[in-house]
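For reference, the structure is listed below as structure tokens.
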Amino acid sequence: MFKEAVYHRPTDNFAYAYDERTLHLRLRTKKGDVDKVELLHGDPYEWRNGAWQFETMPMKKTGSDEWFDYWLAEVQPPYRRLRYGFVLHAGEETLVYTEKGVYLTPPADDTAYYFCFPFLHDVDLFHAPEWVKDTVWYQIFPDRFANGNPAINPEGVRPWGSEDPTPTSFFGGDLQGIIDHLDYLVDLGISGIYLTPIFRAPSNHKYDTADYLEIDPHFGDKETLKTLVQRCHEKGIRVMLDAVFNHCGYEFAPFQDVLKNGESSPYKDWFHIRDFPLQSEPRPNYDTFAFVPQMPKLNTAHPDVRRYLLDVATYWIRECDIDGWRLDVANEIDHEFWREFRRAVKAQKPDVYILGEIWHDAMPWLRGDQFDAVMNYPVADAALRFFAKEEINAREFAERLMRVLHSYPATVNEAAFNLLGSHDTPRILTVCGEDVRKAKLLFLFQLTFTGSPCIYYGDEIGMTGGNDPGCRKCMIWDDDKQHRGLYEHVKQLIALRRQYRALRRGHIAVLHADEQTNQLVYEKTDGDETVVIIINRSNQAADIPLPFNAKKKRLVNLLTGERWAAEADGLSVSLPAYGFALYAVEK
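All residue numbers for the sequence shown refer to the UniProt record's numbering, where the first residue is 1 and numbers rise by one.
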């Protein structure tokens with residue numbers, strides 16, 4: 001047994017409270033090295049005749065990545081406290097893994113050998129809003145979705161869709177345009193809207209905020225936003241706004257005061273200024289987003305800055321009843337600010353959704369005291385590399401999924417924000433080489449994966465475009481220019497997700513991932529409900545055997561509605577190139 005690969009820590013993704021009674025305990029071992037694992041556990045105060053009393057239970061292997069296997073035990077301690085270790089079996093070899101090391105037999109003279117979960121406190125539970133787990137999001141770049149009020153168009157506005165966008169062009173999209181097209185979103189099945197910034201700013205993207213307390217006049221006003229939120233709520237749609245708190249814009253009044261008054265400005269400590277006077281060339285002598293002089297970084301450790309930004313965050317919840325905040329460049333802001341942010345916004349609205357933009361391992365922000373979720377870019381990258389670019393095979397794709405899923409507690413994965421593209425990335429159909437079959441597979445995966453999926457406006461109708469600004473074209477509203485087959489595909493998948501709880505909230509298990517044929521089969525299970533997803537990511541038709549005993553089970557083809565009872569032990573599914581199937585398994 002490769003002892004060096006065995007790993008557990010009694011925190012974060014390896015040991016956490018799943019609910020008020022249940023602990024999830026995970027163990028990592030070298031891939032293919034261990035045959036089975038048992039959890040050895042007991043209450044730390046249960047003793048008899050000088051020996052600690054414990055019991056064992058089998059652990060389930062929940063997945064593998066390139067290097068490791070992962071094992072899970074779900075245990076309900078009768079007194080909400082636990083000491084525990086692991087019994088590993090490999091062939092004839094058995095080892096006991098504890099906090100103090102590895103033993104041949106379980107030590108029973110002292111519980112200090114073992115890992116400790118001191119007490120399961122309700123207040124320590126990770127609580128993301130329940131509604132998020134059932135939500136399908138739709139991201140809107142307001143200037144490019146729809147022009148509902150030409151009277152507020154910015155100067156120099158281009159006719160809608162008349163040309164490709166540039167970094168500085170405006171097309172007149174606004175909040176009224178979104179209101180006018182809510183029925184389109186309802187028809188698609190959308191239940192959440194994420195808006196990129198809508199506060200006053202000189203750019204078309206609005207990530208250079210000039211006034212955090214005013215809607216940009218080219219988008220509307222507070223009353224328009226209130227109307228949008230109210231109409232959305234009437235239709236069962238939540239609304240999430242974008243908060244740019246890492247940096248402000250050049251026109252932000254406190255920064256303008258520093259530019260004017262230098263060291264005598266009362267706002268000089270609102271920013272990270274290295275020396276005076278301020279200069280922007282060759283690089284700014286003040287901290288910024290990247291090295292962009294027009295986006296000076298805010299000093300969120302300063303009490304006045306914290307107070308101002310927290311007032312902004314709570315103001316829009318009180319004023320317009322928004323349902324969430326997406327937090328731009330969230331990883332570059334101090335953790336203490338985000339802890340205060342969570343307390344402030346949850347006091348206003350306990351089920352508000354807090355979503356951080358973090359592109360890397362985000363465990364430090366997901367311990368229940370800061371964010372409810374982060375944007376799941378690692379899964380998006382894996383999906384694009386497998387389905388669209390064909391850079392990795394099915395086995396590698398499955399391994400990447402398992403690595404991400406085991407990097408976080410299940411409670412975190414259930415609320416993750418799963419995107420395929422955004423205003424910062426090329427359009428997915430463009431990444432697919434404009435092969436709609438590949439785009440359909442991407443949506444199939446996204447809308448059956450664990451977490452809360454988000455569709456970037458226009459991807460559902462086959463819009464194309466490269467990196468910014470190409471990915472920010474005007475929404476196409478002419479039905480004849482939309483890919484209606486792709487739209488109907490996405491609509492059907494959203495409807496199935498709404499119908500089957502297993503697709504929304506079920507735990508995922510990869511049943512088959514072939515690196516040669518690129519056939520992928522996985523299941524989503526929630527209680528007695530199981531849905532199996534079969535994918536042929538190949539340019540050749542294939543007969544794919546179902547990797548489980550189907551005998552005496554009833555199968556429902558979710559795409560056609562066909563039902564049948566399986567008579568044989570095994571069944572095969574015939575799929576065309578880049579084909580797919582979904583089956584509900586009824587026992």
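All C-beta atoms, glycine included, are put in the ideal place defined by N, C-alpha and C.
Would residue i be called buried (16 or more neighbouring beta carbons within 10 Å of its own) or exposed?
i: residue 167; result: exposed
i: residue 139; result: buried
i: residue 123; result: exposed
i: residue 347; result: exposed
i: residue 101; result: exposed
i: residue 552; result: exposed
i: residue 360; result: exposed
i: residue 389; result: exposed
i: residue 47; result: exposed
i: residue 234; result: exposed
i: residue 146; result: buried
i: residue 121; result: exposed
For a test of the three-state rule: what should DSSP assign to residue i, helix, strand or coil?
i: residue 373; result: strand
i: residue 429; result: helix
i: residue 445; result: helix
i: residue 474; result: coil
i: residue 489; result: helix
i: residue 335; result: helix
i: residue 555; result: strand
i: residue 481; result: helix
i: residue 537; result: coil
i: residue 349; result: coil
i: residue 517; result: coil
i: residue 322; result: coil
i: residue 57; result: strand
i: residue 150; result: helix
i: residue 264; result: helix
i: residue 456; result: strand
i: residue 364; result: helix
i: residue 545; result: strand
i: residue 307; result: helix
i: residue 587; result: coil
i: residue 593; result: Because the chain spans 1 through 587 in this model, residue 593 falls outside it and cannot be assessed.
i: residue 67; result: coil
i: residue 391; result: coil
i: residue 273; result: strand
i: residue 404; result: helix
i: residue 384; result: helix
So the candidates are the options; which of them puts its Cα closest to the Cα of residue i?
i: residue 541; options: 580, 524, 547; result: 580
i: residue 258; options: 271, 373, 55; result: 271
i: residue 419; options: 436, 454, 189; result: 454
i: residue 44; options: 387, 79, 37; result: 79
i: residue 98; options: 293, 6, 210; result: 6
i: residue 358; options: 158, 349, 372; result: 372
i: residue 75; options: 17, 486, 351; result: 17
i: residue 307; options: 148, 108, 338; result: 338
i: residue 87; options: 293, 1, 165; result: 1
i: residue 247; options: 225, 277, 208, 331; result: 208
i: residue 250; options: 37, 70, 298; result: 298
i: residue 162; options: 85, 118, 473; result: 473
i: residue 11; options: 24, 362, 19, 3; result: 24
i: residue 222; options: 319, 393, 400; result: 319
i: residue 61; options: 52, 501, 34, 152; result: 34
i: residue 531; options: 312, 500, 519; result: 500
i: residue 103; options: 228, 42, 3; result: 3
i: residue 26; options: 151, 8, 470; result: 8
i: residue 58; options: 49, 39, 21, 155; result: 39
Could you check how far apart the C-beta atoms of residue i and residue j are, in whole angstroms? I think they sit under 8 Å.
i: residue 63; j: residue 406; result: 6 Å
i: residue 135; j: residue 231; result: Actually they are not in contact, since the Cβ atoms of residue 135 and residue 231 sit about 17 Å apart, beyond 8 Å.
i: residue 491; j: residue 506; result: Not a contact, Cβ separation roughly 21 Å.
i: residue 421; j: residue 381; result: Rounded, the Cβ-Cβ distance is 11 Å, inconsistent with contact.
i: residue 327; j: residue 245; result: 7 Å
i: residue 448; j: residue 534; result: Wrong, their Cβ atoms sit about 11 Å apart, outside the cutoff.
i: residue 578; j: residue 537; result: 7 Å
i: residue 144; j: residue 463; result: In fact, because the Cβ distance is near 10 Å, the residues do not count as touching under 8 Å.
i: residue 274; j: residue 285; result: 5 Å
i: residue 503; j: residue 511; result: In fact, because the Cβ distance is near 16 Å, the residues do not count as touching under 8 Å.
i: residue 568; j: residue 554; result: Rounded, the Cβ-Cβ distance is 14 Å, inconsistent with contact.
i: residue 593; j: residue 345; result: Because residue 593 is not part of the residues shown, which for the chain are 1 to 587, the question remains open.
i: residue 70; j: residue 114; result: In fact, because the Cβ distance is near 20 Å, the residues do not count as touching under 8 Å.
Do residue i and the ligand MG come close, with the Cβ less than 7 Å from some heavy atom?
i: residue 47; result: The model depicted lacks the ligand MG and carries no ligand whatsoever.
For the segment 178-256, list the alpha helix (DSSP H) runs that are entirely contained and at least 4 residues long, ordered along the chain. 182-188, 222-234
Fully enclosed by the segment 88-133, which alpha helix (DSSP H) runs are 4 residues long or longer? none
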